[in-house]
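Please read the structure below before turning to the comments.
2 protein chains.
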Amino acid sequence: MGDPVDVDVRMRGFRQRMEVARARELILERCRRLDAELVPLRAAHGRVLAEDIVAARPVPAFRRAAMDGYAVRAEETFGASAYNPILLELVGESLPGMPYGRSLASGQAVRIMTGAPVPDGADAVVMAEYAREQDGKVAIYEPVPPKKHVSEPGEDIKAGERVLAAGRRLRPQDVGVLSSLGIARVPVVRKPRVRIVVTGNELLPAGSTPTDYRIVDANSVILEGLIARDGAEAEMAGIVPDRREEIARALSEPGADVILVTGGTSVGREDHAPLIVAEQGQLLVHGIAMRPSSPTGFGVVGEVLVFLLPGNPVSCLAAYDLLAGPAIRRLGGRSPELPHERRRAPLARKISSVLGRLDYVRVQLTEQGVVPLATSGASILTSAVKADGFVLVPPNSEGWSAGTEVEVFLYD
Amino acid sequence: MGDPVDVDVRMRGFRQRMEVARARELILERCRRLDAELVPLRAAHGRVLAEDIVAARPVPAFRRAAMDGYAVRAEETFGASAYNPILLELVGESLPGMPYGRSLASGQAVRIMTGAPVPDGADAVVMAEYAREQDGKVAIYEPVPPKKHVSEPGEDIKAGERVLAAGRRLRPQDVGVLSSLGIARVPVVRKPRVRIVVTGNELLPAGSTPTDYRIVDANSVILEGLIARDGAEAEMAGIVPDRREEIARALSEPGADVILVTGGTSVGREDHAPLIVAEQGQLLVHGIAMRPSSPTGFGVVGEVLVFLLPGNPVSCLAAYDLLAGPAIRRLGGRSPELPHERRRAPLARKISSVLGRLDYVRVQLTEQGVVPLATSGASILTSAVKADGFVLVPPNSEGWSAGTEVEVFLYD
């Protein structure tokens, strides 16, 4: 092959491609965690805590039974056995939410259920299995030491204790503990608002039937799924005609923290977005050393982060995962690292790459190991559909031979 | 300790506890995948496909350029070089969605963008890098073989090809490919409707401030998070007083596929739910050989699966994950297996268990290995909050010594 020659400026490729790691660094430098907002408890699942949660009161807040049985004075059970039960007077019961209203006197017992308040004067609970009621009395067949089966106030959580730390992504049990503490509204990091701008005169909106030479937009659909996965809110700006003023308007409309612009399938002369970003703000990345996805860009317009994603669906997916995703996750208080589950397995076939370029290789996990799928044709969306995940060949590697153990990022 | 003695029937413990594996089997026998429903494309993310998806048309549907450049007759470029370019007449352009309307004649070239239709008469695309326009002509500096940079119809997907199989949980790129195929409504498995019935006179609804001897419900909040994780829809029946007729009504109200009943914190005399299930349907499981969570039950009332979950939050969480979760996931078309990411690591401290019982042990993952947290006190919700995940000690094991490699199910 001869050397590439100069071409019409509108169609030239990227002559200089930035390393992905450097682009990622430039991007993450611009990302700060968004502000907090208060959401109702039940809406807090999966959200990121914006502040430490400190218990205003202890849990439990009162002495409570940890077993079904009888509240007693422990010392009065000493010496009890199956052959020599000790008889106590059964004076009442304590149920959850319905305490025995008085103090326990000497020689008395109160029937008690798990979670019910232990009456004053009692200091232990005899399990129901070791007692039997008869004629207004209860026979105790086992001695119990003081404090047995009694949960002390603060046993689980002490007042003033930090229960959950800022930055925690709330799991079901975390929201449960917030509920126990009486918290009704939870301070969480606001969800990043991500506008999706799809350009391309050949595109029909998702849900359409393709006709003649027009194809149906897949990128906005893919991006919506990824944005939701990353805890952000997608806003569809619709399909914007490849006209300068239309794209400029979609970029300048207020309300977004991040804008993702994806081309039709073209990265050539119809590519207005990079010029607009450069004019209205700063175009910091344009062209990355990655395959696929080299025509990826990043810039800022005011406070808004703008990503220029390739029009090819697989390139769009890969560029999102490696560059836009980290930014969106960090804005939302999550880790910028890839959220995929990882698995290590040996390569069933070699992967070739070139020095200086990051390769995003779709793979299948089979019994024979990790099988790379055809890497040519970034438009082959089915390669990502057929794949179980991807491996990343770093720029300092020319690839790996069969048998090399690699790390697979699983799509699921 | 003496032998347990008989106790009041209302308060007796479970004398016979079913093995968890057997209970799980009985439960899963009752679970069939729910019917299909059609949802709009954009609502299909994460849903389970109910039917195979077969392509009605090929993708691409027309011959399209895979590169920016010039559509040519390949044979006319043979012999071209940087020193000896071949000149072709530039007769027009083909853009995505805007084809060059005519056939390419001998000696002609058409400027073409990635994704644009390749004109009849042309059979290859010369990359823009290897061509230069001048004076209505284009100089070609590299020969191309026929079909170069031309995607043939059906290259990605052939008409009639099965693109996605029933049972697939749809990933972002899967929904993207459905969009490309022109599918507007997607047949997915209906989401299981799961009613949460919380009983307990001591309970205040989530979002309340605890007062005196009343505590705030955490279980319904935890269950809501778990149900959403498992792809089902939660319906809150509210906090139902511990009265037979109230609980019976909450169980008989139509509309649910699954009902989860969770006690206040009691499993004793106030426990109406098992009796109601036994009377109105079949109580198939009552008491399982598991720690925590032994007071777990399962039955069917009509077509509805009813789970009786312990009132203690951690027990409730564990019983959901091991018994209710598998059923809900299978109804929704997912795998009944635990959805948690798994990691293998050595135990930093020993875990003791007893034969015949499954232990659900909350653990932390530290640099020293897997650290089991206190397993006593199922009500200690913070143990599940502090934990990174859990390990399961099977019934045939008395536990493991420090250093044993174990599988941790991660909560996140």
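Protein chains in written order, with the numbering used here: chain A, 399 to 810; chain B, 399 to 810. All C-beta atoms in this analysis are idealised placements derived from N, C-alpha and C, irrespective of residue type, glycine included. All figures in this text were calculated on a predicted structure; none of them were measured in a lab.
Going straight from the alpha carbon of residue i to that of residue j, what length do you get?
i	j	result
L808/A	F788/A	7 Å
R415/A	G661/A	19 Å
A782/A	R560/B	15 Å
N599/B	L729/A	43 Å
A776/A	E553/B	Model confidence at A776/A stands at a pLDDT of 49, short of 50, so the residue's coordinates are unreliable and nothing is read from them.
P792/B	E487/A	43 Å
D719/B	G723/A	30 Å
V365/B	P693/B	This structure gives no information on residue 365/B, because the portion of chain B shown stretches from 399 to 810.
G780/B	L715/B	The question names Gly, but residue 780/B is Thr in the sequence shown. Approximately 12 Å between the Cα atoms of the pair.
G653/A	S492/B	36 Å
T764/A	P590/A	37 Å
K556/A	A459/A	9 Å
V619/B	L426/A	35 Å
A480/A	R732/A	58 Å
Should residue i be flagged as near chain B, meaning a C-beta pair shorter than 7 Å?
i	result
E487/A	no
L739/A	It is Glu, not Leu, that sits at residue 739/A in the sequence shown. Closer than 7 Å: yes.
L779/A	yes
P708/A	no
V619/A	yes
P792/A	no
T597/A	no
Y611/A	yes
D518/A	no
M409/A	Per-residue confidence for M409/A stands at a pLDDT of 42, beneath the threshold of 50, marking its modelled position as unreliable; the derived number appears in the next sentence. True, the Cβ-Cβ gap to chain B drops below 7 Å.
Going by beta carbon distance, what residues of the same chain come within less than 6 Å of residue i, once the five residues before and after it are set aside?
i	result
G513/A	R462, P494
A529/A	Y468, V536, I538
E622/B	A632
V542/A	A472, T475, A522, V524
D757/A	R689, S751, V791
D466/A	M511, T512, A526
R566/A	L447
Does any CB atom of chain A fall closer than 7 Å to the CB of residue i?
i	result
S692/B	no
Y809/B	yes
A582/B	yes
S664/B	Unreliable positioning characterises S664/B in this predicted model, as indicated by a pLDDT of 43, which lies under 50. A coordinate reading is not provided.
S577/B	yes
A557/B	no
E600/B	yes
D433/B	no
H684/B	no
G754/B	no
R415/B	no
Q834/B	With chain B represented from 399 up to 810, any question about residue 834/B goes unanswered, as that position is not in the structure.
D836/B	Summary: the structure shown does not reach residue 836/B, with chain B confined to residues 399 through 810, and so no result is reported for it.
F841/B	Missing from the structure shown is residue 841/B; chain B here goes from 399 to 810 and no further.
E805/B	no
L720/B	no
A478/B	no
H443/B	yes
Give me, in chain order, the residues of the same chain whose beta-carbon lies closer than 7 Å to that of residue i; leave out the 5 immediate sequence neighbours on both sides.
i	result
E550/B	R461
E644/B	V638
L568/A	A442, H443, G444, R445, L447
In chain order, what residues of the same chain have a beta carbon less than 8 Å from the beta carbon of residue i, not counting five sequence neighbours either side?
i	result
V768/B	A743, P744, L745, A746, V761, Q762, V789, V804, V806
A564/A	L447, A448, E449, D450
L439/B	V573, L576, S577, I581, A582, R583, V584
S795/B	S751, L753
G534/B	E487, L488
D615/B	V596, G598, L601, L602, P603, A604, I637
A785/A	R760, V761, Q762, L771, Y809
V665/B	Note that V665/B has pLDDT 45, beneath the 50 cutoff, so the model's placement of it is unreliable and the number below is only indicative. Contacts found: P693, P708, G709.
Regarding residue i and the ligand SAM, is the C-beta to nearest heavy atom distance less than 6 Å?
i	result
V584/A	Judged by which ligands are present, the structure shown has none, so any question about the ligand SAM falls away.
Pull up the DSSP beta-bridge partners for residue i, would you.
i	result
Q571/A	Bridge partners of Q571/A: none, in fact.
Q414/A	DSSP lists no partner for Q414/A.
F696/A	V683/A, F705/A
F807/B	R740/B, F788/B
S750/B	G797/B
| said: Using a Cβ distance threshold of 8 Å, determine whether the stretch 792-807 of chain A contacts the stretch 739-755 of chain A, with at least three qualifying pairs required. | reply: As far as the Cβ criterion goes, the stretch 792-807 of chain A touches the stretch 739-755 of chain A, which means the pair count is three or higher.
| How do the stretch 590-598 of chain A and the stretch 629-636 of chain A stand: do at least 3 beta-carbon pairs fall below 8 Å, yes or no? | The answer is yes - the stretch 629-636 of chain A touches the stretch 590-598 of chain A, with three or more Cβ pairs under 8 Å.
| message | So, does the stretch 575-594 of chain A touch the stretch 605-623 of chain B, judging by three or more C-beta pairs under 8 Å? | response | The stretch 575-594 of chain A, when compared against the stretch 605-623 of chain B, does touch it at the 8 Å Cβ threshold.
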